[in-house]
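Chemist: Dumping the structure here so I can ask a few things about it.
What follows is the structure, encoded as structure tokens:
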């Protein structure tokens with residue numbers, strides 16, 4: 001298992017500078033996707049931060065059957081390809097069924113396994129077989145050590161494996177994030193990503209839709225980056241209060257630059273201290 005995964009010009013490593021996976025929860029339209037991708041590219045280029053653009057062609061696990069799910073596979077894949085070709089951004093999207101992996105891999109750089117599906121062996125193997133990088137989210141129902149078995153199923157993924165923490169179910173409609181999970185997940189050998197927006201989600205908390213506590217995204221993100229991660233996953237939207245899904249836990253696009261500046265500062269400090277403590281020259285003497 002490689003401890004460094006390269007996606008386009010973005011490097012994910014628990015010891016390297018922070019990288020970002022970001023974009024709106026679901027693909028809403030070509031214009032909306034290009035608007036958000038262009039804005040994120042401008043922000044991250046200014047900051048010198050590696051970016052993989054994220055959006056979902058289908059939100060297959062919505063709380064209600066009446067909820068909007070996205071514009072679908074056929075309409076979305078050309079848009080992902082356009083973002084990659086015209087903006088030079090690597091892209092990521094979820095896959096829900098094994099048959100989706102091959103066509104999706106033709107248009108995107110990273111296949112993401114949703115948390116609810118992280119133990120679906122056939123899906124994992126199909127994603128690994130595409131040769132693309134696979135980002136697998138830790139199930140809300142799994143302990144961190146159990147993810148070693150999930151990562152092992154993906155050992156043949158030629159593009160490498162990323163593993164993402166997104167919180168653990170705690171009673172009804174609530175998630176908690178145990179920061180101890182981040183170094184435990186790193187023991188799999190894969191770069192660790194912290195999903196700051198889904199970690200504040202309140203699943204099913206709005207009687208037919210999921211709620212969230214957006215105000216705690218920066219709090220948890222700073223904590224995770226202080227512990228040490230390869231990257232952060234942040235869903236963002238120009239107008240999250242009117243987004244078709246996950247609005248309560250998405251960050252407004254206008255607030256992204258300030259948040260990312262803070263996270264990069266925390267990351268620099270955390271990793272410099274880690275490197276310093278690992279240097280034998282700084283080991284305490286026994287005299």
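Residue numbers (the numbering used here): 1 to 287. Built from N, CA and C at the ideal position, the CB exists for glycine as well. Quantities reported herein were computed from a predicted structural model and do not represent experimental measurements.
Who are the near neighbours of residue 83 in its chain, counting only those whose CB is closer than 8 Å to its CB and skipping five residues on each side?
Modeler: Counting from one through the chain shown, the residue named residue 83 turns up at place 83. 33, 34, 37, 53, 89 and 91.
Chemist: Is the beta carbon of residue 26 closer than 8 Å to that of residue 245?
Modeler: Against the chain shown, residue 245 aligns to sequence position 245. Against the chain shown, residue 26 aligns to sequence position 26. Closer than 8 Å, so yes.
Chemist: Go through its chain and collect everything with a Cβ distance to residue 94's Cβ below 6 Å, but skip five positions before and after it.
Modeler: As a first step, residue 94 is located in the chain shown; it is residue number 94 there, counting from the start. Cβ neighbours of residue 94 beyond the five flanking positions: 56, 112 and 114.
Chemist: Three Cβ pairs or more, each shorter than 8 Å: is that satisfied between the segment 121–131 and the segment 147–154?
Modeler: Result yes; three or more Cβ-Cβ pairs closer than 8 Å.
Chemist: Tell me where the beta strand (DSSP E) around residue 96 begins and ends.
Modeler: Position 96 of the chain shown, counted from the start, is the residue given in the question as residue 96. It is not in any beta strand (DSSP E) - residue 96 carries neither H nor E in the DSSP assignment.
Chemist: Here's a check: name, in chain order, each residue in its chain whose Cβ is nearer than 7 Å to the Cβ of residue 11, leaving out the five neighbours to either side.
Modeler: Here residue 11 refers to the residue found at position 11 of the chain shown. Correct list, in chain order: 4, 19 and 50.
Chemist: Tell whether a beta-carbon distance below 8 Å holds between residue 253 and residue 39.
Modeler: Residue numbering aside, residue 253 sits at position 253 when the chain shown is read from its first letter. Residue numbering aside, residue 39 sits at position 39 when the chain shown is read from its first letter. Result yes, Cβ atoms of residue 253 and residue 39 sit closer than 8 Å.
Chemist: Whose C-alpha, out of 202, 275, 215 and 191, is nearest the C-alpha of residue 230?
Modeler: Counting from 1 along the chain shown, the entry for residue 230 is found at position 230. Nearest option by C-alpha distance: 191.
Chemist: Using the Cβ count rule (16 or more neighbours within 10 Å means buried), how would you classify residue 46?
Modeler: On the chain shown, position 46 is the one that residue 46 refers to. That one is exposed.
Chemist: Under 7 Å from any heavy atom of the ligand FMN, does the C-beta of residue 118 make it?
Modeler: As for the ligand FMN, it is missing from this structure, which has no ligand bound.
Chemist: What first and last residue would you give for the alpha helix (DSSP H) that runs through residue 210?
Modeler: Position 210 of the chain shown holds residue 210. Counting along the chain, residue 210 falls outside any alpha helix (DSSP H), and DSSP gives it neither H nor E.
Chemist: Hey, quick one: how far does the beta strand (DSSP E) through residue 194 stretch, first residue to last?
Modeler: In the chain shown, residue 194 corresponds to position 194, counting from 1. 192–195 is the extent of the beta strand (DSSP E) around residue 194.
Chemist: Closest by CA to residue 48, which one among 263, 277, 177 and 276?
Modeler: Start at 1 with the first residue of the chain shown, and residue 48 comes out as number 48. For the residues 263, 277, 177 and 276, the minimum Cα distance to residue 48 belongs to 263.
Chemist: Just to confirm the assignment: which complete beta strand (DSSP E) runs, minimum length 3, are found wholly within the segment 212–257?
Modeler: Listed in chain order, the complete beta strand (DSSP E) runs (minimum 3 residues) inside the segment 212–257 are 231–237.
Chemist: Nearest CA to the CA of residue 73: which residue from 87, 42, 147 and 108?
Modeler: As a first step, residue 73 is located in the chain shown; it is residue number 73 there, counting from the start. Of the listed residues, the one whose Cα sits closest to residue 73 is 108.
Chemist: For my contact list, residue 194 and residue 148 are in at a C-beta cut-off of 8 Å; report their separation, rounded to the angstrom.
Modeler: Taking the first residue of the chain shown as 1, we reach residue 194 at position 194. Taking the first residue of the chain shown as 1, we reach residue 148 at position 148. Actually they do not touch by this definition, with Cβ atoms about 18 Å apart.
Chemist: Between residue 287 and residue 274, what straight-line distance do the alpha-carbon atoms span, to the nearest angstrom?
Modeler: Looking up residue 287 in the chain shown gives position 287. Looking up residue 274 in the chain shown gives position 274. Residue placement at residue 287 cannot be trusted, given a pLDDT of 49 that sits under 50; what the coordinates show is reported in the next sentence. Taking the straight line from one Cα to the other gives about 24 Å.
Chemist: Helix, strand or coil for residue 134? Go by DSSP, reduced to three states.
Modeler: Locating residue 134 in the chain shown gives position 134, counting from the first residue. Strand.
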